[in-house]
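Following: one structure in structure tokens, then a few remarks.
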Amino acid sequence: MAMARTLALLALLCVVLAAGAASASAGRVDVGDMLMMDRFRAFQATYNRTYASPEERLRRFEVYRRNVDYIEAMNRRGDLTYELGENQFADLTVQEFRAMYTMPARVDSRPDAWRRRQMITTLAGPVTEDGGSYYSDAWEEAGPTSVDWRSKGAVTPVKDQGGCGCCWAFATVATIEGLHKIKTGQLVSLSEQELVDCDDADDGCGGGLPEIAMEWVAHNGGLTTEANYPYTGKAGKCDRGKASNHAAKIAAAQMVRANSEAELERAVARQPVAVAINAPDSLMFYKSGVYSGPCTAEFDHAVTVVGYGADNKGHKYWIIKNSWAETWGEKGYGRMQRGVAAKEGLCGIATHASYPVM
């Protein structure tokens, strides 16, 4: 019996050591490491993770452990208005996550991007230095105290961009879907893949700008449906046959006046709006609550603002629709602090906002 117990202990120790999660002291396995390994196994099962080799599994376990430690340390602070949680990104380093799920920082700093921005059609209001347009004076009235376009049926289910840095396409499509519903009464899921493959003014999985994508849609004559041109998670050759079957059309793109949350609020009161934001490390594991940073205004991600409001503690927030699947945040949505002292808004949410018009 003693021999059997010894062999069982050795077998368990070998398994845990192979995963890089055990420490032996006086012949005993560290209970904390065993529990962490159990959590990692559960993570693998939940997100269907397999690894190419034991060495890769060991590396991913160590990344997972560090991320869990970070999540738990943040949640212990007690001064945050939000909570972090384990999700599908828990076995990725921050660098890997940024390469796969965000855009290059300041993608609009490329000369060709600025040149293309100057082509944006002006329909109302004074022209900005970079060619966009503001809301006209007729739209200066304050909006309602809260808005949620989901409750109005103008938001399709949360989608998943996967490991392709085309958040700009998802933000663009969500705004067009919303406007199409508002104007026609029909909610149609439109194709992000058409933009990734066919919009040569942006850069597919390498990043892009929603207002440039909207202008491309306007000049292209519209967008086809998700069902007709489904998402693949990678850039491919443009299927012009599918892309010519338009399901929704827009006339142009417009910019919201930069550095004004009040202007953004007025815009969102009328329709969903695409915004560029900074996505800091903590946003990677956002689970619930009103996200309050810390972050900068240097944007590297695009989301869609589909509403705004305040919680029962008086915390004002923007409702953002993300493209990181329903396993992120509040079933794919997030609430970001609204009404901050910085003119740029939290994480730069008020610096670079755009919306389509019909």
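Here the sequence shown stands for residues -26 to -1, 1 to 332, numbered as in mature numbering (1 follows the signal peptide of the UniProt record, and there is no 0). C-beta: ideal position from N, C-alpha, C; glycine also.
Start-to-end residues for the alpha helix (DSSP H) that takes in T20 = 5 to 20
How would you call E30, buried or exposed, if buried means at least 16 neighbouring beta carbons within 10 angstroms?
-> exposed
If you draw a straight line from the C-alpha of G59 to the C-alpha of D122, how long is it?
-> 25 Å
Are there 16 or more other CB atoms within 10 angstroms of the CB of V5, so buried, or fewer, so exposed?
-> exposed
E304 by DSSP, collapsed to three states: which one?
-> strand
Could you check which residue in K157, K155, E185, C141 has the C-alpha nearest to that of Q167?
-> C141
If you count every other CB in all the chains shown that lies within 10 Å of the CB of E70, and 16 or more means buried, which is it?
-> exposed
If you drop the 5 nearest sequence neighbours on each side, which residues of the same chain put their C-beta closer than 6 Å to that of L(-18)?
-> Residue confidence for L(-18) is low, a pLDDT of 37 falling below 50, so the modelled location carries little weight; the figure read from the coordinates is stated next. Here the set comprises nothing.
Specify the secondary structure class of K157 as computed by DSSP and reduced to three states.
-> helix
Would you identify the three-state DSSP class for M310, choosing helix, strand or coil?
-> strand
Contact test: K216 Cβ vs the ligand SAM heavy atom, cutoff 7 Å = With respect to small molecules bound, the structure shown includes none, and the ligand SAM cannot be examined in it.
Other residues of its chain near V147: CB distance less than 6 Å, five sequence neighbours each side excluded | L164, E166
If we ignore side chains and look at the alpha-carbon of each, how far apart do F63 and M258 end up?
-> 7 Å
From which residue to which residue does the alpha helix (DSSP H) around W123 run?
-> Premise fails: W123 is in no alpha helix (DSSP H) and is neither H nor E.
Can you name the residues that DSSP bridges to M332?
-> According to DSSP, which records beta bridges pairwise, M332 is partnered with nothing at all.
For the alpha helix (DSSP H) that contains K211, what are its first and last residues?
-> Element bounds for K211: n/a, residue is neither H nor E.
How about Y329 and V247: do their beta carbons lie closer than 8 Å?
-> yes
Which residues in the same chain as D86 place their Cβ atom closer than 7 Å to its Cβ, once the five residues preceding and following it in sequence are excluded?
-> With a pLDDT of 48 at D86, under the threshold of 50, the modelled position of that residue is not reliable, and the figure given next carries that caveat. Here the set comprises nothing.
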